[in-house]
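In the numbering used here, the protein residues as written are 1 to 155.
1) Taking the alpha-carbon positions, what's the residue 112 to residue 59 distance?
2) Hey, could you find the ends of the alpha helix (DSSP H) residue 112 is sitting in?
3) Threshold first: 4 residues or longer. Then list the alpha helix (DSSP H) segments lying entirely within the region 107-149, N to C.
4) Could you compute how far the alpha carbon of residue 135 sits from the alpha carbon of residue 61?
5) Report yes if the CB atom of residue 114 is closer than 8 Å to the CB atom of residue 147, and no otherwise.
6) CA-CA distance, residue 27 and residue 33?
7) Using CA atoms only, rank isn't needed, just tell me which of 95, 104 and 128 is closest to residue 53.
8) So, for residue 57: in the same chain, excluding its five sequence neighbours on each side, which residues have a beta-carbon less than 6 Å away from its beta-carbon?
9) On a CA-only basis, which of 102, 64 and 98 is nearest residue 75? Give me that one, please.
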């Protein structure tokens, strides 16, 4: 074998080794990407199922079945509007959240939703949800539906 043949053989070996490394690296990258996509899909599916289960649980809440909740609404008179605006602003300034009209009066947001967050907490416990903001999707993943969020902590 001549020197030229040896050099050509070494170059071919280096090329084949380089290609082999490239092919193996690409295969590993494809496998890892597939695993990541599959894992993400599984997480997405679990969140979807938990969210749907949570929605079904919340639909059983007593406040969801109250058909006549606004039958006894107090009629607002024009003369009372300024008083209601002042009361609205006062509650907003005190709590940082807009008050809710319950059909009779303005009440603080947290007070109005106390029953719903307690029911949501029962649903979380029933479904084994520990971190609603991470485990649920959509509006149910927001802090207002998480009994452990800062919104619901005593001030």
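We treat Cβ as the ideally placed atom computed from N, Cα and C, and that holds for glycine.
Let me lay it out:
1) 18 Å
2) 109-112
3) 109-112, 114-127 and 132-135
4) 21 Å
5) no
6) 10 Å
7) 128
8) 123
9) 102
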